[in-house]
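Chemist: Quick one: this structure, given as structure tokens, is what I'll be asking you about.
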Amino acid sequence: MSLCLEFCHKGIGKAGFRYHHAESDYLMLVYWIPHTPDSIPANASHRLGVGAFVVNNKREVLVVQETSGRFGGTGVWKMPTGAVNEGEDICDAVIREVKEETGVETEFVEVLAFRQSHKSFFQKSDLFFVCMLQPQSFDIQSQASEIEATKWMPVEDYAAQPFVQENELFDFIAKICLSKLNDNYTGFSNVPTTTSSGKKTYLYLNNDAIGSHLLASKEQA
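Residue 1 is where the sequence shown starts when you use full-length UniProt numbering, and the numbers rise one by one after that.
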């Protein structure tokens with residue numbers, strides 16, 4: 001394979017092409033024709049992740065302990081998390097991840113917050129969306145391949161974990177979730193929209209007085 005790549009690389013270089021990106025079924029090469037600086041956009045730069053804040057009417061949050069990775073064997077209880085698949089909406093991805101990891105059916109409520117970090121998975125940037133969901137079922141069936149344990153935990157106990165309190169980002173997220181439960185915070189609801197090309201998509205907006213007005217206008221139209 002290395003000899004083949006070396007041979008191909010020599011031919012590619014002579015022809016003026018350069019590698020752009022690769023997927024499982026193709027290798028993309030590009031060649032900038034004009035005699036100006038190459039301005040071909042880079043390949044996808046971000047990976048999307050979601051975290052699920054699922055809380056029941058007893059102020060209990062759905063939490064998991066993972067079998068491997070950063071949190072494997074640490075005893076830390078965390079919210080279900082995962083990656084958004086290509087072509088998948090954030091609101092659908094977080095519902096899917098909760099179902100896969102815990103067996104619990106949920107309904108999307110809103111995006112509470114998101115953070116951006118750099119040089120993460122494969123040195124790409126990372127966008128992580130913390131979403132609030134309402135449970136539609138309560139029986140737990142943990143995903144054996146990834147999840148060590150799952151339970152409903154008082155939200156105050158979740159926020160009081162030493163790891164959460166000692167980690168600035170996790171502590172911040174926990175406080176946002178608590179503020180939401182205490183009606184002191186409003187996140188971003190998903191509003192179905194259509195682009196000029198007819199593509200169905202979601203606009204995430206703060207559902208305050210302005211957001212309510214926009215939704216009312218959309219429904220009247």
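The C-beta atom is built at its ideal place from N, Cα and C for all residues, glycine as well.
#1: Quick one: Cα of Y204 to Cα of D89, how far?
#2: Quick one: residues in its chain with C-beta nearer than 6 Å to the C-beta of S189, no 5 flanking neighbours on either side, listed in chain order?
#3: Could you name each continuous beta strand (DSSP E) segment of 3 residues or more that falls completely within the UniProt domain "Nudix hydrolase" (45 to 177), going from the start of the chain to the end?
#4: So what does DSSP say about K180, is it helix, strand or coil?
#5: By Cβ distance below 7 Å, which residues in the same chain neighbour I173 in space, the five residues on each side in sequence not counted?
#6: Check whether the Cβ atoms of W32 and D25 lie closer than 7 Å to each other.
#7: Would G72 be called buried (16 or more neighbouring beta carbons within 10 Å of its own) or exposed?
#8: If you pair each beta-carbon of the region 54 to 72 with each one of the region 136 to 152, do three or more pairs fall below 8 Å?
#9: Where does K199 fall in DSSP's three states?
#10: Can you tell me the Cα-Cα spacing of E60 and L178, whole angstroms?
Modeler: Let me spell this out:
#1: 11 Å
#2: E110, N207
#3: 46 to 54, 60 to 66, 81 to 83, 106 to 117, 125 to 135, 147 to 154
#4: helix
#5: A113, V130
#6: no
#7: exposed
#8: yes
#9: coil
#10: 11 Å
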